[in-house]
Amino acid sequence: KWVFTGFMHDITQRQQAQLRLQDLQAEIAHVGRLSEMGTLASALAHELNQPLTAIASYCEGTSELLAGRPEAADLDSARDAVREAAAEAVRAGEIVRRMRNFMSHGQTEFRVEKLPQLVTEANALALVGSRGHAINVQVNLDRHSDRVLVDRVQIQQVLYNLIRNAIEAMGESPVRSLTIASAADSAGFVTVSVEDSGPGINETIAPELFQPFVTSKKSGMGIGLSICRTIVEAHGGRIWSEPGREAGAVFRFTLPIAGSIDGDLQ
């Protein structure tokens with residue numbers, strides 16, 4: 156009886172320990188889900204803020220154009236602005252749909268896209284409201300690596316974030332020069348770079364620049380570059396920063412060239 160009782164007592168202790176462990180694991184998972192939801196909510200707010208800001212800007216411009224007695228040229232500009240606002244509304248819906256699909260399936264939609272078109276569209280959106288800053292924009296893309304295998308919306312988010320960061324960094328600079336370039340490497344990837352002539356990156360935050368909630372902006376949440384890193388790494392690439400050639404900073408990231416993975420996709 157002594158052996159049997161001792162054996163049962165040992166079993167009971169193990170069961171209680173396992174139950175405590177399960178409770179602890181459930182609590183950790185719960186906290187993890189809350190943390191993921193908080194990060195997701197911040198990311199969604201950050202990403203939706205871009206097209207919503209553009210919509211507001213286009214609507215405000217349309218209102219000014221239609222004030223008083225607009226001329227024919229003003230009406231044409233107003234129509235263009237309304238079309239752009241509608242396109243940004245569709246873009247906002249696309250972001251929500253992508254986020255919902257990612258949550259339910261954990262997948263992105265990789266397709267062959269033209270890199271120049273992605274850059275042109277993202278650059279046009281990022282420059283909305285910046286025309287008064289006299290920014291000199293140069294785009295130098297490698298025409299031999301202009302087709303990439305990516306999720307279009309996600310990569311445009313990366314480009315938009317980097318370009319907007321560059322524009323904001325040059326806010327107080329006497330010279331405002333923005334260069335967007337690309338070059339293929341020997342590993343089947345194309346390196347895209349966004350270079351500005353701003354003050355450069357603060358050395359104290361440079362090592363943690365792509366970590367969540369790290370920012371040098373007074374009103375920034377510090378998740379834009381973290382989102383960029385997550386997206387780029389999901390595409391099999393990498394992202395990094397370095398000092399500019401003369402001043403400012405350069406952000407570079409790599410994307411797979413279409414045809415370099417799983418055969419020729421062109």
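In the working numbering, the protein residues as written are 156 to 421. Just so it is clear, CB atoms sit at the ideal spot from N, CA and C, and this is done for glycine as well.
Problem set entry | Reference S232, options L296, A241, V245 and G216, closest by Cα | For this step, residue 232 is matched to residue 77 along the sequence shown. Distance check between S232 and each of L296, A241, V245 and G216 places G216 closest, using alpha-carbon atoms only.
For this session: State the DSSP-derived secondary structure class of R302, mapped to helix, strand or coil.
Result: Translated into positions along the sequence shown, residue 302 becomes position 147. Strand at R302.
For this session: Name the two residues that bound the continuous alpha helix (DSSP H) containing T385.
Result: One-based indexing of the sequence shown puts residue 385 at position 230. Annotation: the continuous alpha helix (DSSP H) that includes T385 extends over G379 to A389.
Problem set entry | Same chain, Cβ closer than 8 Å to R266, neighbours up to 5 away in sequence not counted | Here residue 266 refers to the residue found at position 111 of the sequence shown. Correct list, in chain order: L304, V305, D306 and R307.
For this session: Going by CA-CA distance only, name the one from V330, R393, L410 and R238 that's closest to A402.
Result: Start at 1 with the first residue of the sequence shown, and residue 402 comes out as number 247. The shortest Cα separation from A402 among V330, R393, L410 and R238 belongs to V330.
Exercise. Just curious, the alpha helix (DSSP H) that L314 is in, first and last residue?
Worked result: Along the sequence shown, read from residue 1 onward, the residue named residue 314 stands at position 159. R307 to A324 is the extent of the alpha helix (DSSP H) around L314.
For this session: Look up F365 in the DSSP assignment and give the residues it is bridged to.
Result: Translated into positions along the sequence shown, residue 365 becomes position 210. In the DSSP output, where bridge partners are listed per residue, F365 has none listed.
Exercise. Near E243, what residues of its chain come up, given a Cβ to Cβ distance below 6 Å and the 5 sequence neighbours on each side ignored?
Worked result: Here residue 243 corresponds to residue number 88 of the sequence shown, with the count starting at 1. In the same chain as E243, and ignoring 5 residues on each side of it, the C-beta atoms closer than 6 Å to its own belong to P206, A209 and I210, in chain order.
Problem set entry | beta strand (DSSP E) segment containing A336, residue limits | As a working mapping, residue 336 is identified with position 181 in the sequence shown. Note, A336: beta strand (DSSP E), S332 to A339.
Exercise. So, is A321 buried or exposed, given that buried needs 16 or more other C-beta atoms within 10 angstroms?
Worked result: Walking along the sequence shown from the start, residue 321 turns up at place 166. Classification of A321: buried, given that the 10 Å Cβ count is 16 or more.
Problem set entry | Given 8 Å, three or more beta-carbon pairs between the segment 405-415 and the segment 387-394 | Flag = yes, the segment 405-415 and the segment 387-394 touch.
For this session: Tell me P354's beta-bridge partners as DSSP assigns them.
Result: On the sequence shown, position 199 is the one that residue 354 refers to. Beta-bridge partners assigned by DSSP to P354: none are found.
Exercise. What does a CB cutoff of less than 6 Å around S348 pick up in its chain, not counting 5 residues either side in sequence?
Worked result: What you label residue 348 is simply residue 193 of the sequence shown in a count that begins at 1. A distance below 6 Å between beta-carbons, with the five flanking residues on each side excluded, links S348 to the following residues of its chain, in chain order: A336, V405 and R407.
Exercise. Can you tell me whether DSSP reads A275 as helix, strand or coil?
Worked result: Residue 275 sits at position 120 when you count from the first residue of the sequence shown. The sequence given here places Thr at residue 275; Ala does not occur at that position. In the structure shown, T275 sits in a helix (DSSP, three-state: H, G or I).
Exercise. So what does DSSP say about P225, is it helix, strand or coil?
Worked result: In the sequence shown, the residue the question calls residue 225 occupies position 70. In the displayed model, P225 falls within coil according to three-state DSSP, outside both helix and strand.
Exercise. Can you give the beta carbon distance from A281 to R319, rounded, assuming they're within the 8 Å contact cut?
Worked result: Residue 281 sits at position 126 when you count from the first residue of the sequence shown. Residue 319 sits at position 164 when you count from the first residue of the sequence shown. Indeed, because the Cβ distance is near 5 Å, the residues count as touching under 8 Å.
Problem set entry | Beta bridge counterpart(s) of Q293 as assigned by DSSP | The residue you call residue 293 lines up with position 138 of the sequence shown. DSSP output for Q293 lists T334 as bridge partner(s).
Exercise. Within 10 angstroms of its Cβ, does T334 collect 16 or more other Cβ (buried), or is it exposed?
Worked result: The sequence position of residue 334 within the sequence shown is 179, counting from 1. Counting Cβ neighbours within 10 Å, T334 comes out buried, since at least 16 surround it.
Exercise. Under the three-state reduction of DSSP, which class applies to L203: helix, strand or coil?
Worked result: On the sequence shown, residue 203 is found 48 positions in, with the first residue counted as 1. DSSP places L203 in helix when its eight states are reduced to three.
Problem set entry | Spatial distance of E219 from D235 (CA atoms) | Stepping through the sequence shown from its first residue, residue 219 is reached at position 64. Stepping through the sequence shown from its first residue, residue 235 is reached at position 80. Approximately 14 Å, taken between the alpha carbons.
Exercise. So, helix, strand or coil for S328, using DSSP?
Worked result: The residue given as residue 328 occupies position 173 in the sequence shown. In this structure, S328 counts as coil in the three-state DSSP scheme.
Exercise. Mind checking A277: buried by the 16 CB within 10 Å criterion, or exposed?
Worked result: For the purposes of this step, residue 277 is identified with residue 122 of the sequence shown, where counting begins at 1. Looking at its Cβ environment, which holds 16 or more other Cβ atoms inside 10 Å, A277 is buried.
Exercise. Do you know whose CA, among P225, R238 and I310, lies nearest E388's CA?
Worked result: For the purposes of this step, residue 388 is identified with residue 233 of the sequence shown, where counting begins at 1. Checking every option, the nearest Cα to that of E388 belongs to I310.
Problem set entry | Inter-residue spacing [alpha-carbon to alpha-carbon] between P271 and Q366 | Here residue 271 corresponds to residue number 116 of the sequence shown, with the count starting at 1. Here residue 366 corresponds to residue number 211 of the sequence shown, with the count starting at 1. Each residue's Cα considered, the two are about 29 Å apart.
For this session: Could you check if L189 is buried or exposed, using at least 16 other CB atoms within 10 Å of its CB as the buried criterion?
Result: Within the sequence shown, numbered from 1, the residue matching residue 189 stands at position 34. Here L189 scores only 47 on pLDDT, less than 50, and its place in the model is too uncertain to base an answer on.
Problem set entry | Assigned secondary structure, V283 (DSSP; H/G/I helix, E/B strand, else coil) | By one-based count along the sequence shown, residue 283 stands at place 128. Coil at V283, not helix or strand.
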